[in-house]
Amino acid sequence: MILVTGASGNVGADIVHQLLEAGEQVRVLTRDPTRHPFPDEVEVVVGDLTRPDTLPAALTGIDRAFLFPLHDAVDGFLEAARQVELRQVVLLSSAAVTYAIPGLIGEQHLRLERAVAASRVPWTFIRPDYFMTNDLSWARQLAEGEVVRGVHGNAAVPAIDPRDIAAVAVRALLDARVGEAYLLTGPQSLTQIDRVRIIAETVGRPVRFEEVPRAQARRQLVGSGMPPQVADAYLDGLAALDGRTAETSPTVEDVTGRPPFTYAQWVAHRAAAFSLS
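Number 142 in my numbering belongs to position 146 of the sequence shown; there are no gaps in the numbering.
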């Protein structure tokens, strides 16, 4: 049986569905099973990565697990995993760990990777770049008009669909790909301006990107709930990418046997978030 943590998230939910399609037995760990409906075939265990006392029961009878990166809760999980002699943990990490300057996000994930590696629990690291779903943050602006306002519109990223991240994680679990670290990107280097244009073309709206001062963009991010330190790190990262072409990786196709979803395909999949209806 496979345990999935973070099973209601963008990646975890797809992992659950793809594992079920593969005929696997799946258990999910959740704080509140009433907040998110899981398929009937899923075994739901109430617990929390931040409450180590709930983890032995969640891991009993489990041989493989997908671990959501909760930065202050990994030690308790790894101790419980050692106790049940877990055969594999697939950790959701970040491409930022491979950067010359990992930054705040990269350093957080590096600490997690080091803790998992030091635990001697067999591991696989999934290192995705920019999630396409991050652009759902534009939906609020588009609900009010036809303009996406931001900074460094020419900053390019190789955005990846969470369905592809899940597909690689599932293959890692099913094929026991232990000791491997997968750098994942989408198939294209796209600026923010490019992505807004693709949204416009895909959903049929005259949407455009408008550059604003950094201070305004920071207020917008912090006002939406992003911690100030994270907002600063995010804006610094955009500045570093401005005017550069992002490198793409063939890993998704190498592992899954199919090409990754394009940004236009992801927008079509999530079109309701960007439409007026």
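Backbone N, C-alpha and C fix where the C-beta goes; we use that ideal spot for every residue, glycine too.
Could you tell me whether the Cβ atoms of Val40 and Ala53 are closer together than 8 Å? no
Looking only at its own chain, which residues have a Cβ that is under 7 Å from the Cβ of Asp157, when we skip the five neighbours before and after it? Met128, Gly182, Pro256, Phe257, Trp262
How about Val12 and Val38: are their beta carbons less than 8 Å apart? yes
Which runs of the beta strand (DSSP E) spanning at least 3 residues fall entirely within the region 33 to 63, listed in chain order? 39 to 42, 60 to 63
Would you mind reading off the limits of the beta strand (DSSP E) that contains Arg123? Run containing Arg123: 119 to 124, per the beta strand (DSSP E) assignment.
Boundaries (first-last residue) of the beta strand (DSSP E) holding Ile(-2): First-last of the beta strand (DSSP E) with Ile(-2): -2 to 0.
Could you pull the start and end residues of the beta strand (DSSP E) that Val277 belongs to? With the chain running from -3 to 273 in the structure shown, residue 277 is simply not present.
Scan the region 155 to 218 and note each continuous beta strand (DSSP E) run of 3 residues or more that stays entirely inside, going in chain order. 177 to 180, 204 to 207
Coil, strand or helix - Thr26 by DSSP: strand
Pick from Gly57, Val153, Tyr95 that is closest to Leu186, judged by C-alpha positions: Val153
Status (buried if at least 16 other CB within 10 Å, exposed otherwise) for Ala165: buried
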